[in-house]
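Take any residue in the sequence shown, count from 1 to its spot, add 7: that is its number in our numbering.
Glycine included, C-beta positions come from ideal geometry on N, C-alpha and C.
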Amino acid sequence: MEDTLFAKIIRREIPADVVYEDDETLAFLDIHPNNPGHTLVIPKEPAQNIFDISDEALSAMTRTARKIAPAIMRAVDADGMNLVMNNKKAAGQLVFHAHLHLIPRFADDGLRSWPRKEYAPGEAGAVAEKIRAAQ
Ligand code: AMP
8 MEDTLFAKII RREIPADVVY EDDETLAFLD IHPNNPGHTL VIPKEPAQNI
58 FDISDEALSA MTRTARKIAP AIMRAVDADG MNLVMNNKKA AGQLVFHAHL
108 HLIPRFADDG LRSWPRKEYA PGEAGAVAEK IRAAQ
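As structure tokens, then:
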């Protein structure tokens, strides 16, 4: 049996502020929100992240995200929304059950995105070629 925090939330062994549920997914409020209404959508099927999730579970997760995103926007009167998925520790993943963050955004809410970098001349083409070759 999967022993992550989110598996326990699915089994209702840990409480959560659930905002949506269907056969394949669950959505609940993040306990440490970037903004009020910050919601996590998870598949019920066990998967760690984008690298092992099934096509079906990924589809279900994004379907639920699109279903509830307008409701979150309306509920907190947001101006925009970020969808974020952290995959593996280096990307900031703390809970190893796949999840999508739905983060409502407000004009001038002070949240900053990551700094942007620059490619050296020719570097972008070489990186793109490596990605094509790795598929
Ligand atoms: P990540 O860094 O993408 O793995 O995000 C995990 C998220 O889960 C964090 O934003 C936490 O605030 C959130 N979290 C941790 N424990 C709980 C919990 N019991 N209920 C709701 N959200 C949680």
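Notebook entry, point to check: Between residue 85 and the rest of its own chain, which residues show a CB-CB distance below 8 angstroms, the 5 nearest in sequence each way excluded?
Noted result: Walking along the sequence shown from the start, residue 85 turns up at place 78. These residues qualify, in order along the chain: 42, 44, 79, 111, 112, 113.
Notebook entry, point to check: Does the beta-carbon distance from residue 106 to residue 48 come in below 8 angstroms?
Noted result: Within the sequence shown, the letter at position 99 stands for residue 106. Within the sequence shown, the letter at position 41 stands for residue 48. Yes, the pair counts as a contact, with Cβ atoms nearer than the cut-off.
Check: For residue 73, which option in 96, 54, 34 has the closest C-alpha, if you only look at C-alpha atoms?
Finding: As a working note, residue 73 is residue 66 in the sequence shown. When only C-alpha atoms are compared, the closest one is 34.
Next item on the list: Determine the direct distance from the alpha carbon of residue 128 to that of residue 10, and round the result to whole angstroms.
Entry: Residue mapping note: residue 10 aligns to position 3 of the sequence shown, counting from 1. Residue mapping note: residue 128 aligns to position 121 of the sequence shown, counting from 1. Distance between the alpha carbons of residue 10 and residue 128 is about 47 angstroms.
Item checked: Expected contact under 8 angstroms - CB spacing of residue 68 and residue 32 to nearest Å -> Looking up residue 68 in the sequence shown gives position 61. Looking up residue 32 in the sequence shown gives position 25. At roughly 6 angstroms, the Cβ-Cβ gap stays under 8 angstroms, so residue 68 and residue 32 are in contact.
Note to self: Taking 7 angstroms as the cut-off, is the beta-carbon of residue 107 closer than that to any non-hydrogen atom of the ligand AMP?
What the structure shows: Sequence index remark: in the sequence shown, residue 107 carries index 100 (1-based). No, the ligand AMP has no heavy atom inside 7 angstroms of this Cβ.
Checklist line | Which of helix, strand or coil DSSP assigns to residue 134 | finding: In the sequence shown, residue 134 corresponds to position 127, counting from 1. Looking at residue 134 - three-state DSSP - the assignment turns out to be helix.
Margin query: Looking at the strands, I want to know which residues DSSP matches up with residue 108.
Written below: Counting from one through the sequence shown, the residue named residue 108 turns up at place 101. 47, 91, per the DSSP bridge assignment.
Margin query: Taking DSSP's pairing of strands, which residues face residue 34 in a bridge?
Written below: Locating residue 34 in the sequence shown gives position 27, counting from the first residue. Bridge partners of residue 34: 27, 48.
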